[in-house]
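Engineer: Numbered by our numbering, the letters in the sequence shown go through residues 29 to 91 in order. Don't be surprised by glycine CBs; every beta carbon is placed ideally from N, CA and C. Attaching a single structure in structure tokens format; questions to follow.
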Amino acid sequence: MLIANGLIRGRYVPKGSSEKDFSPYQQQTFIKRINHTPRKYLNYLTPMESFFRFLHPLFFLFT
29 MLIANGLIRG RYVPKGSSEK DFSPYQQQTF IKRINHTPRK YLNYLTPMES FFRFLHPLFF
89 LFT
């Protein structure tokens with residue numbers, strides 16, 4: 029979570045501003061951009077791709 033907080037503060041939200049200064053649409057845009065940005069520590073997968081690759085084998089265990 030700390031990495032995501034740093035990304036939000038560093039790229040999207042100016043220092044000294046609050047989350048209340050942004051509309052829900054703008055907040056969703058920040059989240060989508062972060063979740064669709066490839067990460068080196070995930071072998072250049074996006075967090076969303078990594079999450080679904082983790083869930084994929086589990087899905088077949090419970091069906």
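Using the Cα positions of Phe58 and Leu83, report the straight-line distance between them to the nearest angstrom.
Structural biologist: Taking the sequence shown and counting its residues from 1, one reaches residue 58 at position 30. Taking the sequence shown and counting its residues from 1, one reaches residue 83 at position 55. Rounded to the nearest angstrom, the two C-alpha atoms are 24 Å apart.
Engineer: Looking only at its own chain, which residues have a Cβ that is under 8 Å from the Cβ of Met29, when we skip the five neighbours before and after it?
Structural biologist: Stepping through the sequence shown from its first residue, residue 29 is reached at position 1. Reliability fails at Met29, whose pLDDT of 48 lies under 50, so the model's placement of it is uncertain and the value that follows must be treated cautiously. Contacts found: none.
Engineer: In terms of residue numbering, what span does the alpha helix (DSSP H) encompassing Tyr53 cover?
Structural biologist: Counted from its first residue, the sequence shown places residue 53 at position 25. For Tyr53, the enclosing alpha helix (DSSP H) has its first and last residue at Pro52 to Asn63.
Engineer: Return the chain-ordered list of same chain residues with a C-beta closer than 6 Å to the C-beta of Asn63, the five sequence neighbours on each side being excluded.
Structural biologist: The residue you call residue 63 lines up with position 35 of the sequence shown. Excluding residues within five positions, the ones whose Cβ falls inside 6 Å are Pro75 and Met76.
Engineer: Just the Cα atoms here: how many angstroms apart are Lys60 and Gly44?
Structural biologist: Against the sequence shown, residue 60 aligns to sequence position 32. Against the sequence shown, residue 44 aligns to sequence position 16. If you take the alpha carbons of Lys60 and Gly44, they lie about 23 Å apart.
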